[in-house]
Amino acid sequence: MPTIAEIAEALGAEAAGDMTLRVSHASEPASAGSSDLALALAPTWAEALGQGRARAAVLWPGADWRALGLQAAIFAPRGRLAMAGLTRLLDEVPFPPGVHPSAIVDPTARLGEGVGVGPLTVVGPGAEIGDGTRIGPHVTIAAGVRLGPGGVVHSGVRLGRRVVIGARAILQPNAVIGGDGFSFVTREPAYVEIVRETMGKGSLPAIEDPTWHRIHSLGGVTIGDDVEVGAGTTIDAGTIRPTRIGDGTKIDNLVMLAHNVVVGRHCLLCGQAAVAGSSVLGDRVVMGGRAAVGDNITIGDDVVLTANTGVLSNVPAGRVMMGYPATRMDLQIESYKALRRLPRVLRDLAAGVPKRSKGD
Amino acid sequence: MPTIAEIAEALGAEAAGDMTLRVSHASEPASAGSSDLALALAPTWAEALGQGRARAAVLWPGADWRALGLQAAIFAPRGRLAMAGLTRLLDEVPFPPGVHPSAIVDPTARLGEGVGVGPLTVVGPGAEIGDGTRIGPHVTIAAGVRLGPGGVVHSGVRLGRRVVIGARAILQPNAVIGGDGFSFVTREPAYVEIVRETMGKGSLPAIEDPTWHRIHSLGGVTIGDDVEVGAGTTIDAGTIRPTRIGDGTKIDNLVMLAHNVVVGRHCLLCGQAAVAGSSVLGDRVVMGGRAAVGDNITIGDDVVLTANTGVLSNVPAGRVMMGYPATRMDLQIESYKALRRLPRVLRDLAAGVPKRSKGD
Amino acid sequence: MPTIAEIAEALGAEAAGDMTLRVSHASEPASAGSSDLALALAPTWAEALGQGRARAAVLWPGADWRALGLQAAIFAPRGRLAMAGLTRLLDEVPFPPGVHPSAIVDPTARLGEGVGVGPLTVVGPGAEIGDGTRIGPHVTIAAGVRLGPGGVVHSGVRLGRRVVIGARAILQPNAVIGGDGFSFVTREPAYVEIVRETMGKGSLPAIEDPTWHRIHSLGGVTIGDDVEVGAGTTIDAGTIRPTRIGDGTKIDNLVMLAHNVVVGRHCLLCGQAAVAGSSVLGDRVVMGGRAAVGDNITIGDDVVLTANTGVLSNVPAGRVMMGYPATRMDLQIESYKALRRLPRVLRDLAAGVPKRSKGD
């Protein structure tokens, strides 16, 4: 149980009141117990504080902690940043060091200092696990995988052949890294190739030999430092070079990154986002929930794709894109608004009614 | 093998003919064998009955079972409801009671009466499993998890720290409950915050320190009674309070529920649906396949989001919403229809052609 | 390490130069080492060849291999098809034959010649595994499953009850086949049924008994020969007949196929695609990334659904469909273009500006 002084120091934040008070959990103000640290990051939470029993709280700058009935307070100028420091302080690594007796670790695998390998986890021949990395139960690590130090690998994660991951990785349950890419070819030009020519006009001809020939994935996956991969997310192996994820990039749940994709550094890929084969994302790209990028597309640095956006062509650096097909956000919003007005406009046109002003 | 009388009684349905006839499986009429119960819930199935060899069938009300060549019949006024009772009667619990010798159950875990723990399943310290709950192979149950009575947990399910689940849960294979939330913050305002101000106008500035600081998830997940969670679905832990799912809610495959989300009671969330962080769904909400709700949004009771709908703002109770951005279904359909007509209208306008009537 | 002659023969391709040269890996031209086979399938790669150290390459037809500084060359008229043969030649089966001592194989299961069962894999009673099929670690195979010869099953795959799979299947990590279908019914007409009547007009009434009654899945899944299933993909069991996937169909990651779905032969279903309950796809159907088909819909043979397409009604054979609601691709593109122009057109109409020509 840290003291208020210790928490304030860890957060680099100012504090007031009883610095020796100890707290065990963070809580919402109304449900806080007497040993909890209530999080009241804006004045709207003031009333709720009175409903709970917290003696200490994290407050907005300038709050009158005594009037709020508290014995101690920490002041957080940028609330969510304080949350990062605070929740980290109150969290603990979920898996212990040491190799559980039921784990199956190949004698040729090399485990660093303080590594943890959970129950029933399999570590293949020649795999290397860096110092202090903790691996949960039921994880599969293929032969030759290299996993850096200081990481946390949750249950059910699958790391395939030729996967290399940097330091401090956090891999959520059932993430799959290094499955085979989805790459098939027919002897004759396939429908996808025909459609690119015809743009969908006319009817598709019968194809003589529809057999899909498989292109195998020999390239693996290379992931930088400080990357998080969400639950159930899949990152496929490249064909002859690795699929790549840059340092500091965070990936949410059920995201799909196809073979040969390159994702830059410090990107944020939200839930169910998808990037198709061989596309390239720059640095600091944000993909909102379920945003998607087609195959063989280049996205510049500092691009934001809002939730649900589907990108069909290259996007220059710094753009904010929205909708399907993806368009600059401000133009897309104009289109959406115009579309809402359209049924009435068409009725008016049909009736010969005089035109209305824009703000109708 | 139940008799016709037993099935009719279990379904609360009327029956006729040889009540002592026994059936082993339910079948479609055309492929039914002589010991099968054919399901012919509407007159359109009458002909197919003649192609199969069933001696007994579930029929639409008023059907002439003798003329259909049957020896016994059950009459189902609401066909799909009868299917529920019937398939339940013919199904069996897929996992036996008892702890498989290969399972790793911590000595401090408490298992109720008649609990089953499958091969190679891990149950952590202090976990509690209610009476009669059957757990399949390869399941991971973290320390301290509480799982109510009468449930079924399929293979590969991951239950993380601070997960509490009520009675009669059904968890499909590889579902992940209690992974960490996806919650990150930069020191400076991040792009997402900037975009909310600019609505996408202009180019995004270079950000000085793009490091994503992680907000840890300390809140766990609390799930009510009679909840089903689909294969590969992920439900993330809350930040400082639990993510919550209400009683009687059913969740399909590959659905994503983010941290702090609250889902009401008796909701139905179809395949690939998603709810982003901290959003709240009322009771009896239906999300069609791949419907999505953005973050920090409130959806009232009795709302239907049709398949593929993307909600960007609060929805009052009782509404039916469609499309992206989500709009009242009837208005959205008008917009879609108008959009179909638009290319011709624009051509006509350009050519100075007289306006057409609405039904063109 | 195969020779150039052996590779050329395996590919059915012409070759030139030192036929006895041996290569170990395929590489991109610029990063190729001296024992690599560089892949330079088009003239655009010529310059990169000079940057690498490859002595042999796969080249476009008619390339002057000597001028490119090579000692041997293979000529590939259809580049990606050559890639298929080549990567297959350089790949190896990821799992060895033999049953790992930690695997739990029921004594009544029948394993063919040369079958491999990985560490901590569970094979249930009465399951049958065909000759030469290799199964990785942590796989769950339920009682009675039948899996054909020559397949590869990656880690974490779940095969449920009543699953039958043909020859040469490739199942990627954490795929789930045979989970229960998502099929529920209320005593009264449910919202979904009401909405189909009202098309979303008015407010939904309070439903008296919102309890969802479960229709159990008794039908299993039947999959043909030469089918691949991607990582994290889920294929649900049918209700009273099997969900079916035809020969030669390839399915990408995180795809969802619901209960009773029938997919034809030689289809290609890209990442995150979804088919809702009881829908039927013909042969050679291509679903682009995240394309979706609603429930109870029929898609003809040789249909292409472009990425992101959402189908709400039947599609005849040979069509190329795009967008939501899905429309013939050429018409949909017209609509998108018209929508882009619409804000300006409405402004012009409001201002009484004379109409512009189509190409404004």
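Chains as they are written, first to last, in the UniProt record's numbering: chain A, 1 to 360; chain B, 1 to 360; chain C, 1 to 360. C-beta: ideal position from N, C-alpha, C; glycine also.
- Message: I'd like to check one pair, alanine 56 of chain A with leucine 37 of chain A: are the Cβ atoms closer than 8 Å?
- Response: Yes, Cβ-Cβ distance for leucine 37 of chain A and alanine 56 of chain A is below 8 Å.
- Message: Using a Cβ-Cβ cutoff of 8 Å, what residues of the segment 131 to 156 of chain A are near chain B? List them in chain order.
- Response: Of all residues in the segment 131 to 156 of chain A, Gly136, Pro137, His138, His154, Ser155 and Gly156 have a Cβ within less than 8 Å of some Cβ in chain B.
- Task: Give the secondary structure of residue 366 of chain B by DSSP, where H, G and I count as helix, E and B as strand, and everything else as coil.
- Result: As shown, chain B starts at 1 and ends at 360. That puts residue 366 of chain B outside it, with no answer to give.
- Message: Between aspartate 360 of chain C and chain A, is the shortest Cβ-Cβ distance under 8 Å, so that the two count as touching?
- Response: The pLDDT assigned to aspartate 360 of chain C is 41, lower than 50, so where the model puts this residue is not dependable; a value taken from the coordinates is nonetheless given after this. Put simply, the CB of aspartate 360 of chain C is far from chain A, with every gap to its CB atoms at 8 Å or more.
- Message: Just to confirm before moving on: does the CB-CB distance between glycine 160 of chain C and alanine 237 of chain C stay below 8 Å?
- Response: Their beta carbons are under 8 Å apart, which means glycine 160 of chain C touches alanine 237 of chain C by this criterion.
- Item | Selection from B:Val176, B:Pro43 and B:Ala307 that minimises the alpha carbon distance to alanine 326 of chain C | From the listed residues B:Val176, B:Pro43 and B:Ala307, the smallest Cα separation to alanine 326 of chain C is found for B:Ala307.
- Item | Supposed close pair glycine 136 of chain B, proline 101 of chain B - CB separation, criterion 8 Å | With a contact defined as Cβ atoms closer than 8 Å, glycine 136 of chain B and proline 101 of chain B miss out at about 16 Å.
- Which one of B:Asp225, B:Gln172 and B:Met256 has the shortest CA to CA distance from arginine 146 of chain B? It is B:Asp225 whose Cα lies nearest to the Cα of arginine 146 of chain B.
- Query: Exposed or buried, which one is aspartate 64 of chain B when buried takes at least 16 other CB atoms within 10 Å?
  - Reply: Exposed.
- Host beta strand (DSSP E) of serine 27 of chain C (start-end): Counting along the chain, the beta strand (DSSP E) containing serine 27 of chain C begins and ends at 25 to 27.
- Message: Please confirm whether serine 102 of chain B has its beta-carbon closer than 8 Å to some beta-carbon of chain C.
- Response: Cβ-Cβ to chain C under 8 Å: yes for serine 102 of chain B.
- Task: Quick one: residues in its chain with C-beta nearer than 6 Å to the C-beta of glycine 150 of chain A, no 5 flanking neighbours on either side, listed in chain order?
- Result: The beta carbon of glycine 150 of chain A sits closer than 6 Å to the beta carbons of Gly132, Ala167 and Arg168 from its chain, once the five residues preceding and following it are set aside; these are given in chain order.
- Considering only the beta carbon of each residue, do isoleucine 245 of chain B and isoleucine 223 of chain B sit closer than 8 Å? Against a cut-off of 8 Å, the Cβ pair of isoleucine 223 of chain B and isoleucine 245 of chain B comes out as a contact.
- Check serine 357 of chain A in the structure and name its three-state DSSP category. Here serine 357 of chain A scores only 47 on pLDDT, less than 50, and its place in the model is too uncertain to base an answer on.
- Query: Beta carbon of histidine 138 of chain A, beta carbon of leucine 120 of chain A: below 8 Å?
  - Reply: Their beta carbons are under 8 Å apart, which means histidine 138 of chain A touches leucine 120 of chain A by this criterion.
- Confirm, please, whether the CB-CB distance from valine 320 of chain B to leucine 204 of chain C is below 8 Å. Yes, they are a contact pair.
- Query: Which residues in the same chain have their Cβ closer than 6 Å to the Cβ of valine 286 of chain B, if we skip the five residues on either side of it in sequence?
  - Reply: Within its own chain, the residues whose Cβ lies closer than 6 Å to the Cβ of valine 286 of chain B, once the five positions on either side in sequence are excluded, are Leu268 and Val304, listed in chain order.
- Task: Using DSSP bridges, identify the partner residues of residue 362 of chain A.
- Result: Chain A is shown only over 1 to 360; residue 362 of chain A falls outside these bounds and no answer can be derived.
- Message: Can you list, in chain order, the residues of its chain with a C-beta nearer than 6 Å to that of alanine 72 of chain A? Leave out the 5 residues immediately preceding and following it.
- Response: Only Ile4, Gly17, Asp18, Leu21 and Ala56 meet the Cβ criterion.
- Message: For a test of the three-state rule: what should DSSP assign to residue 444 of chain A, helix, strand or coil?
- Response: Chain A is shown only over 1 to 360; residue 444 of chain A falls outside these bounds and no answer can be derived.
- Message: Buried or exposed for asparagine 174 of chain B, going by 16 or more other Cβ atoms inside 10 Å?
- Response: Its Cβ being crowded by 16 or more others within 10 Å, asparagine 174 of chain B is buried.
- Query: Between the C-alpha atoms of arginine 284 of chain B and methionine 256 of chain B, what's the straight-line distance to the nearest angstrom?
  - Reply: C-alpha separation (whole angstroms): 18 Å.
- Query: When the cut-off is 8 Å and only beta carbons count, does asparagine 260 of chain C lie next to chain B?
  - Reply: When Cβ-Cβ separations below 8 Å define contact, asparagine 260 of chain C makes no contact with chain B.
- Query: Which of the residues in the segment 335 to 350 of chain C, read from start to end, lie with their CB under 7 Å from any CB of chain A?
  - Reply: Interface annotation for the segment 335 to 350 of chain C against chain A: Tyr336, Leu339, Arg340, Leu342, Pro343, Leu346, Arg347, Leu349 and Ala350, criterion Cβ-Cβ distance under 7 Å.
- Message: To the nearest angstrom, how far is the alpha carbon of glycine 359 of chain A from that of aspartate 348 of chain C?
- Response: The pLDDT assigned to glycine 359 of chain A is 44, lower than 50, so where the model puts this residue is not dependable, and the model offers no usable value.
- Task: Check the Cβ-Cβ distances between leucine 59 of chain B and every residue of chain C, and say whether any is below 8 Å.
- Result: Not an interface residue.
- Any C-beta of chain B sitting closer than 8 Å to the C-beta of serine 278 of chain C? No, no contact with chain B.
- Message: Could you check whether valine 105 of chain C and valine 123 of chain C sit closer than 8 Å to each other, using their CB atoms as the reference points?
- Response: A contact, by the Cβ cut-off of 8 Å.
- Message: Let me see if you follow: with CB-CB separation under 8 Å, is histidine 216 of chain C close to chain A or not?
- Response: Judged by the 8 Å Cβ criterion, histidine 216 of chain C is not in contact with chain A.
- Message: Tell me the residue span of the alpha helix (DSSP H) that contains leucine 59 of chain A.
- Response: From DSSP, leucine 59 of chain A is part of no alpha helix (DSSP H) but of the beta strand (DSSP E) over 56 to 59.
- Message: Cβ closer than 8 Å: which chain B residues qualify as neighbours of phenylalanine 95 of chain C?
- Response: Within chain B, no residue comes near phenylalanine 95 of chain C; the closest Cβ sits about 17 Å away, beyond 8 Å.
- C-beta contact flag for valine 118 of chain B and valine 176 of chain C at 8 Å: Residue 118 of chain B is actually glycine in this sequence, not valine. Inclusion of glycine 118 of chain B and valine 176 of chain C in the CB contact set at 8 Å is not warranted, their separation being larger than that value.
- Under 9 Å by beta carbon: chain B residues contacting arginine 88 of chain A: Ordered by position in chain B, the residues that pass the 9 Å Cβ test against arginine 88 of chain A are His213, Arg214, Ile215 and His216.
- Residues near glutamate 113 of chain B by beta carbon distance below 6 Å, same chain, minus five either side: Beyond the five residues adjoining it in sequence on each side, glutamate 113 of chain B comes within less than 6 Å, by CB distance, of Asp131 in the same chain, given in chain order.
- Message: For aspartate 180 of chain B, tell me which candidate among B:Ala13, B:Ile240 and B:Ser31 has the shortest Cα-Cα distance.
- Response: Nearest of B:Ala13, B:Ile240 and B:Ser31 to aspartate 180 of chain B, Cα basis: B:Ile240.
- Task: Starting from glutamate 193 of chain B, follow the alpha helix (DSSP H) in both directions and report where the run begins and ends.
- Result: 191 to 198 is the span of the alpha helix (DSSP H), which, as asked, contains glutamate 193 of chain B.
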